[in-house]
Amino acid sequence: MTEADEMRRAWGRVVRWLEQNAPGSAAALSPPVGPKTISDAEERLGVKFPQEVWTWLLINDGVRTDDQEYNRFPAEGGGFLPSSWHLLSVDQMVRVYEFRMGCEEREPTPDGDLDCVTWHRDWVPFAAESDWLYGRFIDTRAGTLGRWSDGGTNQFDTHGSLAEFFHELADEMRTQGPGHVVDGVLTW
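The numbering of the sequence shown is the working numbering, which starts it at 174 and goes up by one.
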């Protein structure tokens, strides 16, 4: 199975579960974006997205937002990831990246310690809480996932790939892990 096939399979599991069990959360998913939108984001950020990110964005562009002015807050049901985080759209990926990179440029980490750095130019965010102080990123150098935390240490290699993350999420949904559905919306 190719990386793209595995990504489609993993994301399909998440979507099917949401459609069958949490239709309010499924309704918050955004439609896919086109290749130009993705390549424009890469050019703006100066980073190449891994192929599986391309595959995912060509299937889904995160979740819709309610907040048009700041484009930060997910639509009703969109915060269906653990800790009620939400998946970022391409536009939000760019905005979060620029926000976090700007913080690092204003107050650079003195020793370049990746555990404490505010942001690294090779990280692409894909999920966050609405204030963008905590979230998940893809390290474009290796394709592995990590977590950032404002004021805490960063975590690396939390998942080997985006597909692995979505498979784990689908497994947690299926077993009802710590999440539960209320009025058609998955919450954690």
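Glycine residues also receive a C-beta, built at the ideal position from the N, C-alpha and C atoms.
Once DSSP output is grouped into helix, strand and coil, what is the label at residue i?
i, result
"ASP330", "strand"
"TRP292", "coil"
"PHE339", "helix"
"GLY275", "helix"
"PRO384", "In the structure as shown, the chain begins at 174 and stops at 361. Residue 384 is therefore absent and cannot be evaluated."
"ILE211", "helix"
"THR360", "strand"
Please report the straight-line C-alpha distance between residue i and residue j, rounded to a whole angstrom.
i, j, result
"ARG320", "ALA195", "26 Å"
"TRP229", "ASP264", "15 Å"
"GLU216", "GLU280", "24 Å"
"GLY207", "LEU231", "6 Å"
"THR326", "ALA301", "16 Å"
"HIS353", "TRP361", "6 Å"
"VAL297", "GLN193", "30 Å"
"THR348", "ALA200", "22 Å"
"VAL236", "ASP284", "36 Å"
Can you tell me where the alpha helix (DSSP H) holding residue i begins and where it ends?
i, result
"VAL354", "Per DSSP, VAL354 belongs to no alpha helix (DSSP H); it is in the beta strand (DSSP E), 353 to 355."
Counting along the chain, where does the beta strand (DSSP E) carrying residue i start and finish?
i, result
"LEU318", "317 to 322"
"ARG309", "307 to 312"
Can a CB atom of chain D be found closer than 8 Å to the CB of residue i?
i, result
"LEU306", "Structure shown: chain D not included; a single protein chain is present."
Check whether the segment 333 to 341 and the segment 282 to 298 are in contact - that is, three or more C-beta pairs closer than 8 Å.
Because the criterion of three Cβ pairs below 8 Å is not met, the segment 333 to 341 and the segment 282 to 298 do not touch.
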